[in-house]
Amino acid sequence: MDDITQNARYREARRHARNLRGWYIHALIYVLVIGGLFTLNLIQNPGRIWAGWSAFGWGMGLLAHGLSVFVGPNFFGADWEERKIREYLEKRP
């Protein structure tokens, strides 16, 4: 493997590791803050669970962040459209 290819692979691996670390930090903060909100909610107003809305909204953001890290940016990236066009054309006579 030449140096250019190896360097590009290293940069890609480093970018992925940073994105992965960012998602784990995001998930940890989510658990801590949502846990605190539920605790506060149960102390102040146990009859009405409002913290669930925060957990749901932030959870959607965490899910989107996770998809970008674990599935990758190519989930709906530039090559996705080209791939779908080729699939469509292969199905049609």
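According to my numbering, the sequence shown is numbered sequentially starting from 11.
For every residue, glycine included, the Cβ atom is placed at its ideal position computed from N, Cα and C.
Please read these numbers as outputs of a predicted model, since none were measured by experiment.
Is residue 45 near residue 75, with beta carbons less than 9 Å apart?
-> Mapped onto the sequence shown, residue 45 falls at position 35. Mapped onto the sequence shown, residue 75 falls at position 65. No, these two residues do not count as a Cβ contact at 9 Å.
Residues near residue 79 by beta carbon distance below 7 Å, same chain, minus five either side = What you label residue 79 is simply residue 69 of the sequence shown in a count that begins at 1. Cβ neighbours of residue 79 beyond the five flanking positions: 29, 30, 33.
In the structure shown, what three-state DSSP assignment does residue 59 receive?
-> Sequence index remark: in the sequence shown, residue 59 carries index 49 (1-based). DSSP places residue 59 in coil when its eight states are reduced to three.
So, is residue 37 buried or exposed, given that buried needs 16 or more other C-beta atoms within 10 angstroms?
-> Residue 37 sits at position 27 when you count from the first residue of the sequence shown. Under this definition residue 37 is an exposed residue.
DSSP state of residue 82 mapped onto helix, strand, coil = Here residue 82 refers to the residue found at position 72 of the sequence shown. Coil.
When you compare each of 56, 47, 23 to residue 68 by their alpha carbons, which one comes out closest?
-> The residue you call residue 68 lines up with position 58 of the sequence shown. Residue 47 is the option with its Cα nearest to residue 68.
Run through DSSP, which three-state label would residue 102 get?
-> In the sequence shown, the residue the question calls residue 102 occupies position 92. Note: residue 102 maps to coil in three-state DSSP.
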